[in-house]
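In the order they appear, the protein sequences are chains A and B. Numbered by the numbering used here, the letters in the first sequence go through residues 2 to 213 in order. Numbered by the numbering used here, the letters in the second sequence go through residues 2 to 213 in order. Below you'll find the structure, written out as structure tokens, and then a few comments.
Number of protein chains: 2
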Amino acid sequence: MAAKRENGRKNDPQRTQENILDVATEEFATHGLAGGRVDAIAEKTRTSKRMIYYYFGSKEGLYLAVLERAYRKIRTLEEDLQLSNLPPEQALRVLISTTFDHDEANPDFVRLVSIENIHHAAHMLRSDAIRDLNVSVIETIAAILARGVTGGVFARTADPIDIHMLISAFCFFRVSNRYTFGTIFRRDLSEPATMERHKGMIADAVISYLKA
Amino acid sequence: MAAKRENGRKNDPQRTQENILDVATEEFATHGLAGGRVDAIAEKTRTSKRMIYYYFGSKEGLYLAVLERAYRKIRTLEEDLQLSNLPPEQALRVLISTTFDHDEANPDFVRLVSIENIHHAAHMLRSDAIRDLNVSVIETIAAILARGVTGGVFARTADPIDIHMLISAFCFFRVSNRYTFGTIFRRDLSEPATMERHKGMIADAVISYLKA
DNA sequence: CTTGACATACTCACTAGTTCGTACATTTTA
DNA sequence: TAAAATGTACGAACTAGTGAGTATGTCAAG
């Protein structure tokens, strides 16, 4: 496999590509697709602009690769949650907490998704890798809701996608709209105390909604 | 005032500026600040590129004017809601419904805010007009919450800004993330039935949260 | 084990086209 | 006539993308 090489400093295609993707992720997340500069990316890499075109073909190709990589990352994360043993309410709280922490910990991902929405998800549509994303969260939520209803803990039958949206919207918004919201209401959304309060609030809101 | 002029076809600075702003709003909302083209805007106006620079100085100046105008619009909207006569729960439902409908009806505004967040709200910060926005919604919510608690309808004392965020996040997300969410979950968020269900859901969620 | 052929990885310099912004000339209004 | 408003044409700088050649590593044959 020739995984890594300690001393030989040259010809390490895998590392070169990773390096480009790392830098490009930051550039696009910071400036958007149109605002991101290929030259700026090239300068920050260990390699040259020519290599970007060698590996990714075009600026859009690079952007797409960045996007796919970002989605692949969260997919992994979502998949290894084991919630079926927990009681419904607690399972939901864990799931919400995970979503909350994930968005909080990955502002770059949140920003890339925002940017992709500005482009009407055009690149996502073109990518099989992303479109065929196994949306396991929905099944997880569906199972929790079903258990909750049969067990009499939840009073309401809700659409799992709607519930996912309710949770996602809040967690995502906190990060995506951090700057405008923070400016208008003079509030720092990344303060630990605020974060904890918000995490509790969205969990309580979802659960009391299901119990009502 | 010289509001409008039926026949005289020339030199109508107010109308020229409005025209430029209309076109620019669409361009920036569609392509972002970096992606928006001054030449493209100029072509779609009744006037020329020269006039854009004459009135707005620079591309950024134009963008800022667009942003300020968009915020001024909603401010007006928020201010003439009369909710103090309604019982707390109903008042909240009307407020939520209004927020929901506003975001739904103004995707351009939602997109501009998204774009501004990508730029870390940098332009907003530079604009006194926006920064000093009278955030009357918060007072409105605070009043409703207070009435609800004293009246015994609401069991919980909540921060009005947090409640505003809970509402805003959901309504905003539905519009801002329409494309990525719609693509992943194969769901059209602008369908009337879906819209009505979501509107009911966020209202129920907020109210049951406050009652719990 | 050494030579040489070949594919992959990489470098440097360059270009064609775009994009913001402006100099200059002209018309309209007061 | 002065000031404000407008149109045309142009340029300087930037930006995505490429042409052409070089280095590196692998592997087969001698």
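C-beta atoms are modelled at their ideal positions from N, C-alpha and C, and glycine is treated no differently. Given the structure is predicted, the values throughout are model-derived calculations rather than measurements.
(message) Contact defined as beta carbons within less than 8 Å: I believe Arg155(B) pairs with Lys212(B). What is the distance between those atoms, to the nearest angstrom?
(response) Looking at the sequence provided, one finds Phe at residue 155(B) rather than Arg. About 6 Å; that satisfies the 8 Å criterion.
(request) Starting from His199(B), follow the alpha helix (DSSP H) in both directions and report where the run begins and ends. (result) Pro193 to Lys212
(request) Quick one: list the residues of chain B neighbouring Thr181(A), beta-carbon separation under 7 Å, in chain order. (result) Val114, Glu117, Asn118, Ala122 and Met125
(message) Is there a C-beta anywhere in chain A that falls below 8 Å from the one on Arg188(B)?
(response) yes
(request) Between the Cα of Ala130(B) and those of Ala66(B), Met202(B), Ser59(B) and Val150(B), spot the shortest distance and give me the residue it belongs to. (result) Ala66(B)
(message) So Val136(A) contacts chain B; which residues on that side make the cut at Cβ distance below 7 Å?
(response) Ile185 and Phe186
(request) Starting from Gln18(A), trace the alpha helix (DSSP H) both ways and give me its first and last residue. (result) Pro14 to Gly36
(request) Identify the continuous alpha helix (DSSP H) that holds Asp133(B) and give its terminal residues. (result) From DSSP, Asp133(B) is part of no alpha helix (DSSP H); its letter is neither H nor E.
(message) Suppose you measure from the CA of Arg70(B) to the CA of Met125(B); what does that come to, to the nearest Å?
(response) 12 Å
(request) Figure out for me which residue from Val39(B), Leu34(B) and Ala144(B) has the closest Cα to the Cα of Leu87(B). (result) Ala144(B)
(message) If we define contact as Cβ-Cβ less than 8 Å, is Leu93(A) a contact residue for chain B?
(response) no
(request) With 7 Å as the C-beta to C-beta threshold (strictly closer), list the residues of the region 36-58 of chain B near chain A in chain order. (result) Gly36
(request) Under 9 Å between beta-carbons, which chain B residues line up against Arg132(A)? List them in chain order, please. (result) Thr184 and Ile185
(request) List the residues of chain A that Tyr210(B) touches, going by C-beta distances under 8 Å, in chain order. (result) Met202, Asp205, Ala206, Ser209 and Tyr210
(request) Under 8 Å between beta-carbons, which chain B residues line up against Leu167(A)? List them in chain order, please. (result) Phe171, Met202, Ile203 and Ala206
(request) Note down the Cα distance separating His199(B) from Leu93(A), rounded to an integer number of angstroms. (result) 20 Å
(request) Might you give, ordered along the chain, the residues of its own chain that have their beta carbon closer than 7 Å to the beta carbon of Ile97(A), omitting 5 neighbours on each side? (result) Ile168, Ile203, Ala204 and Val207
(request) Write down the C-beta distance between His120(A) and Leu63(A) rounded to the nearest angstrom, noting that I regard them as a contact closer than 8 Å. (result) With 8 Å as the limit, His120(A) and Leu63(A) do not qualify as a contact, their Cβ atoms being about 15 Å apart.
(message) Can you give me the C-alpha to C-alpha distance between Arg1(B) and Thr26(B), rounded to a whole angstrom?
(response) Within the shown structure, residues of chain B are numbered from 2 to 213, placing residue 1(B) beyond reach of any answer.
(message) Out of Thr181(A), Arg112(A), Glu192(A) and Gly153(A), which one is the CA nearest neighbour of Leu134(B)?
(response) Thr181(A)
(message) Just to confirm my understanding: we take Val39(A), look at its own chain, exclude 5 residues before and 5 after, and list those with CB closer than 8 Å. What are they?
(response) Lys50, Ile53, Lys60 and Leu63
(message) Which residues of the region 79-112 of chain A have a Cβ closer than 9 Å to any Cβ of chain B? Give them in chain order.
(response) Arg112
(request) Find the residues of chain A that neighbour Ile162(B), judging by a C-beta separation of less than 8 Å, and give them in chain order. (result) Phe186 and Arg188
(message) Is the separation between the beta-carbon of Leu68(A) and that of Glu117(A) shorter than 8 Å?
(response) yes
(request) Classify Asn118(B) as helix, strand or coil using the three-state DSSP reduction. (result) helix
(request) Mind listing the chain B neighbours of Ala213(A)? Cutoff is C-beta to C-beta under 7 Å, in chain order. (result) Asp205 and Ser209
(request) Have a look at Tyr210(B), Leu22(B) and Phe29(B) and flag the residue whose alpha-carbon is nearest the alpha-carbon of Leu113(B). (result) Phe29(B)
(request) Decide if Thr141(A) is buried, meaning its Cβ has at least 16 other Cβ atoms within 10 Å, or exposed. (result) buried
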